[in-house]
Amino acid sequence: VNSQLISNVCTDALSAEKVLGHVCYHILAAGLNGYMATITNLKNPANKWRCGAAPITAMMTVKRWSHGPGATPIGKPAIHPATVDLKGKAYEYVPINSV
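Quick note: my numbering has the sequence shown finishing at residue 421, numbered continuously throughout.
Take a look at the structure:
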């Protein structure tokens, strides 16, 4: 593994943390509640990243459940489930690069 590549990844990760903090500042300064900072285009250099904010509810759905037949269904907020392929290409480098 190239040490320069690792250095670039670490630098980009630190940059992302700083950028997320800066976006959070603007979210709070705008008086918004229930928003999360987002960064897209992370595969590109930092000057090509796109920053924004998304409402946390955009990640949520309402699951309906009831305690039995004839019971009134109750809505329970939940985060959308996401399937992650731990044998996929994105994760094949994790064991190699972990400390």
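Glycine included, each C-beta is placed from N, C-alpha and C at the ideal position. On a predicted model such as this, the values are computed, not experimentally measured, just so you know.
query	result
Out of curiosity, what's the CA-to-CA distance linking residue 323 and residue 415?	Bear in mind that the predicted position of residue 323 carries a pLDDT of just 46, short of 50, making it unreliable; the figure below should be weighed with that in mind. About 10 Å.
Since residue 361 is in the beta strand (DSSP E), which residue starts that stretch and which ends it?	357-362
Measure the C-alpha to C-alpha separation of residue 408 and residue 417 and round it to an integer number of angstroms.	11 Å
Look at the alpha carbon of residue 406 and the alpha carbon of residue 381, and state the distance between them as a whole number of angstroms.	16 Å
What three-state label does DSSP hand residue 383 in the structure shown?	strand
Taking the alpha-carbon positions, what's the residue 402 to residue 353 distance?	26 Å
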